[in-house]
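Just so you know, the sequences run in chain order G and W.
Count along the first sequence from 1, add 79, and you get the number used in the numbering used here.
Count along the second sequence from 1, add 79, and you get the number used in the numbering used here.
All residues carry an ideal CB built from backbone N, CA and C; glycine is no exception.
What follows is a set of notes on a single structure, which appears directly below.
2 protein chains.
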Amino acid sequence: MKKLFIAAILSVPCLGFSAFAQTDYQTDSIFIRKIFNTALGDGKSYEVLRHLTQDVGSRLSGSPGAAKAVEYTRDVMKEQQFDNVFLQNVMVPHWVRGAKEQGYIIDGKQKINVPIAALGGSIATPKEGIRAKVIEVKTFQELRGLGPEKVKGKIVFFNRPMDPTKLNTFEAYAGAVDQRGAGPSEAAKMGAIGSIVRSMTTRLDDVPHTGSMRYASGSPLIPAAAISTNAAELLSKTLKDKPNTEFYFKQNCETLPDAPSHNVIGELKGSKTASQYIVVGGHLDSWDFAQGAHDDGSGCVQSIEAVRLLKVLGYKPNNTLRAVMYMNEENGLKGGVAYADSAKNKNEKHLAAIESDRGGFIPLGFGIVGTPAQKAKITSWKNLFAPYGLHEIGPGGGGADIGPLAGQGTVLLGLIPDSQRYFDYHHASNDTFDKISKRELELGAASMAAMMYLLDKYGVE
Amino acid sequence: MKKLFIAAILSVPCLGFSAFAQTDYQTDSIFIRKIFNTALGDGKSYEVLRHLTQDVGSRLSGSPGAAKAVEYTRDVMKEQQFDNVFLQNVMVPHWVRGAKEQGYIIDGKQKINVPIAALGGSIATPKEGIRAKVIEVKTFQELRGLGPEKVKGKIVFFNRPMDPTKLNTFEAYAGAVDQRGAGPSEAAKMGAIGSIVRSMTTRLDDVPHTGSMRYASGSPLIPAAAISTNAAELLSKTLKDKPNTEFYFKQNCETLPDAPSHNVIGELKGSKTASQYIVVGGHLDSWDFAQGAHDDGSGCVQSIEAVRLLKVLGYKPNNTLRAVMYMNEENGLKGGVAYADSAKNKNEKHLAAIESDRGGFIPLGFGIVGTPAQKAKITSWKNLFAPYGLHEIGPGGGGADIGPLAGQGTVLLGLIPDSQRYFDYHHASNDTFDKISKRELELGAASMAAMMYLLDKYGVE
């Protein structure tokens, strides 16, 4: 294929731009083009991510990997000569997996080993593991309908798949993830002794996807694990043929006392209103058996890169611009909360916060949380993003880590990358650096830099 | 991240739809939703592609793999109970690589092995290989400026990279690929004895990317190869330090007599104007050392799937719908030419032809070649595609294989997927099935089915 469909920036008509003048549009479109050219032609984020994922590796809150990641990202921003780089103390939950889990489908004399991973926050099984008959359900309603007499002493198997027909895979995730987060306590309330859940992915494969769960107050604590989708299919099929099939699993996880950790912050000082802030961030922690390349190494390196791009292009910000690596999004959100608390305590007025936590995929737009006027203002910039394929600029979600800033009147923006591949790798051991497209990662960073530039230049009111 | 930005089809307002009524819009949007639901929830293309790439494997024109691919795709369409499945004879060029190439940078006593691949259509080196000093150039103008005295007896090294700042990577490719296609004869005209070219990719890696070249009439034939981008960087650096550095390569390729092969065609008969055709296709051939997953196994399986989706949804087409696997796009285009010739000879009126030959990535739109009225009509359907992320519907390229139909008044449409990753794998050994996202592949197939449906229902005039 040689003929081209090119969105040439200079030919984009200035439609619907009531918010600012033609001159500004041209100035901005030229500057944004420079941002993208620099990101694509001389970007640094890919090599930073290579080190973060392959050399630092996994970095669950409280782990040595998380501590190394704090040091490494601080060093990167220092080397890039940010005006100020510092750590912010955060106490984080400290859950450890322990020795690798074991899981078996036991069908009469046959014992089939299946891929399994304890859910974050779960208790261990007894040392000898647990073995019991299995009750498969698709919903909590179905589980409750069975009544305690049918569930008591058994392992509940939550097997409602993510709906593959949802275009936005986050919607499919939202429609299934209650089974992981709240399923264990729902099962325990009915007398179950263990809970297993189909991994949160639309793929059929052999990779268990972990994620956090939370015990409901007052309900018994039972061990909870995810099994791979192929294992879920096999178990379901086996149960149909032989309802007395048993499941065995053994896991060795443990919740240790909270541990000290850090958010990592780098900034470019504002030249006019330095006590006002615009921040861009991702979360530095990952699950323990994952490199966390898409979740959320990408968001971290894109955030550093967004600030670096503005710096190397000589942009003098009005407000102070920050890249923030939040700690502990996966199992506590303590970093996001600590950041917002600190901002409030120090009276740091945060105009806007951008988060990238949907993977380093091709960027399609930004979701905005703010007042109607703020949304309208930001949406009016959409023609500046259109040449780069960002069509989805409008109301939407911000991000978990920046959510706590909402109470301070901060406009929240979430980068929206294409979601088709995200749950292939989410919270799983295959979320590795080789799944990253350098160009896609760079386009996301440039998009964030461009948004930061416009927010800084035009404000949010 | 849990909050969602969802383009819900039913909430899309009916804006700018002058071409057809509200009722039709609703009927169409519901039917297109069914197409996407079926593709994502019960799609067949991914497993067909698995077999085509992993079991059939590479399929360069004239090879046993190409013959197997013809049989396999015919069988798939027969099993899927298309109304009519048949082969169309095509004579194709038959170039073979022979034993694997060898390439070395010779820097004094040091001899560094580098990844290299003969270009399709190139002659072999002499059996002992060729060894000569190297002249590095970025453009033909620079080469001509050097004059024969500086080039004679040497190997010309074309080292102009694809421009990474181009958003559309096909544009970057178009800006560099002259070095591969015409470089060898440009070098030969100046007295060079061999030609090597930097691989056509923006990545820095160790994978040589082949592709076709063509000797200019009257110029001497010299052997031509691609070297990996890392090898190109190393060679360039070495030449800067030591201009007397030599390059050695040996390749064993050969052009055999033309061979018989086939286009593979499956159809659903039209219920009203069966002698009018709308076709959707991709090319079945791949390079010899590639599985050809993105180029263009994807386009083939998406084409079969597009027709299958309409069939299983019970759609009764007005016109005859065809899936066409063209043979020999890579090094001759004989299949595309034979198809158009046959259509003309049999007086088969082709209303429209759709091609997918830009990889199985997330679909963003369609490029249209046709009259202004035809483009306007097709563009007026854009709101029906918007819920699926296809924003780029407008003038653009069709596709190489369908190009020969242009003279028959056929509207040509090229599926436009996101281009960021395409040249990571293009014409290289890493274009393998594991690089395919099932959902992205399926969304492309559904997009093609939806376009085929609208073209069939509303016509092109």
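Check, Outcome
"Nearest candidate by alpha-carbon position, reference Val416 of chain W, set W:Asn397, W:Ile481 and W:Ile114", "W:Ile481"
"Thr289 of chain W at chain G interface by Cβ criterion, 8 angstroms", "no"
"Min CB distance Glu221 of chain W to chain G below 8 angstroms", "no"
"CB contact below 8 angstroms: Pro442 of chain W versus chain G", "no"
"Chain-order list of residues whose beta-carbon lies under 7 angstroms from that of Thr458 of chain W (same chain, five-residue window excluded)", "Ile472 and Gly473"
"Terminal residues of the alpha helix (DSSP H) in which Tyr418 of chain W lies", "Lys413 to Asn424"
"Close Cβ partners of Pro336 of chain G (< 7 angstroms) along its chain, the five nearest in sequence each way excluded", "His173"
"Test: Pro194 of chain W CB closer than 8 angstroms to a CB of chain G", "no"
"Nonlocal neighbours in the same chain, by C-beta distance under 6 angstroms from Ala178 of chain G, ignoring five residues either side", "Asn331"
"Local conformation of Met404 of chain W per DSSP, three classes", "strand"
"When W:Pro496, W:Tyr418 and W:Gly468 are compared against Gly476 of chain W, the one with the closest alpha-carbon", "W:Pro496"
"Closest Cα partner of Asn342 of chain W within the set W:Lys157, W:Val155, W:Phe165 and W:Lys123", "W:Phe165"
"Contacting positions in the segment 106 to 129 of chain G - beta carbon closer than 8 angstroms to chain W", "Phe115, Asn116, Leu119 and Gly120"
"Candidates W:Ser201, W:Ile234, W:Ser365 and W:Thr281: closest to Asn247 of chain W by CA position", "W:Thr281"
"Assumed close pair Val391 of chain W, Gly360 of chain W - CB separation to whole angstroms, cut-off 8 angstroms", "20 angstroms between Cβ atoms; not a contact."
"Where Ser516 of chain W meets chain G, residues with beta-carbon distance less than 8 angstroms", "Gln499, Arg500 and Asp503"
"Tyr467 of chain G: contacting residues in chain W (beta-carbon distance under 9 angstroms)", "Leu246"
"Beta-carbon gap between Leu443 of chain G and Leu469 of chain G smaller than 8 angstroms", "yes"
"Entirely enclosed beta strand (DSSP E) segments - the segment 180 to 266 of chain W, minimum 3 residues", "181 to 186, 189 to 192, 195 to 197, 209 to 216 and 234 to 237"
"Contact set between the segment 398 to 421 of chain W and chain G, restricted to residues whose Cβ is under 8 angstroms from the partner", "none"
"Cβ-based burial, Gln133 of chain G [other Cβ within 10 Å; buried from 16]", "exposed"
"Residues within the segment 224 to 255 of chain G neighbouring chain W, beta-carbon criterion of under 9 angstroms", "Asp242, Pro243, Thr244, Lys245, Leu246, Asn247, Thr248, Phe249, Glu250, Tyr252 and Ala253"
"Local conformation of Asp497 of chain W per DSSP, three classes", "coil"
"Enclosing beta strand (DSSP E) for Asn462 of chain G [first to last residue]", "Segment Lys461 to Phe464 is the alpha helix (DSSP H) holding Asn462 of chain G; no beta strand (DSSP E) there."
"Within-8 angstroms CB hit, Arg282 of chain G to chain W", "yes"
"Segments assigned alpha helix (DSSP H), at least 4 residues, entirely inside the segment 476 to 529 of chain W", "501 to 504"
"Leu533 of chain W, buried or exposed, once every other Cβ within 10 Å from all chains shown has been counted against 16", "buried"
"8 angstroms Cβ cutoff, His362 of chain W in contact with chain G", "no"
"Proximal residues to Asn192 of chain G (C-beta, below 8 angstroms), its chain only, five neighbours per side dropped", "Gln181, Gly182 and Tyr183"
"Cβ-Cβ distance between Glu519 of chain G and Ile441 of chain G below 8 angstroms", "yes"
"Bridge partners - Gln160 of chain W, DSSP secondary structure assignment", "For Gln160 of chain W, which the question treats as bridged, DSSP gives no partner whatsoever."
"Inter-residue spacing [alpha-carbon to alpha-carbon] between Leu94 of chain W and Ala529 of chain W", "Low local confidence applies: a pLDDT of 44 at Leu94 of chain W is under 50, so the model's placement there is unreliable, and no value is given."
"Beta carbon proximity, His373 of chain W to chain G, threshold 8 angstroms", "no"
"Close beta carbons around Phe350 of chain W, own chain, < 6 angstroms, minus the five adjacent residues each side", "Here residue 350 of chain W is Ser; the residue named in the question, Phe, does not match the sequence. Correct list, in chain order: Lys395."
"Coil, strand or helix - Ala86 of chain W by DSSP", "Only weak support exists for where Ala86 of chain W lies, its pLDDT of 37 falling under 50; the value from the coordinates is given anyway. Coil at Ala86 of chain W, not helix or strand."
"Closer than 8 angstroms to chain W by CB, Glu519 of chain G", "yes"
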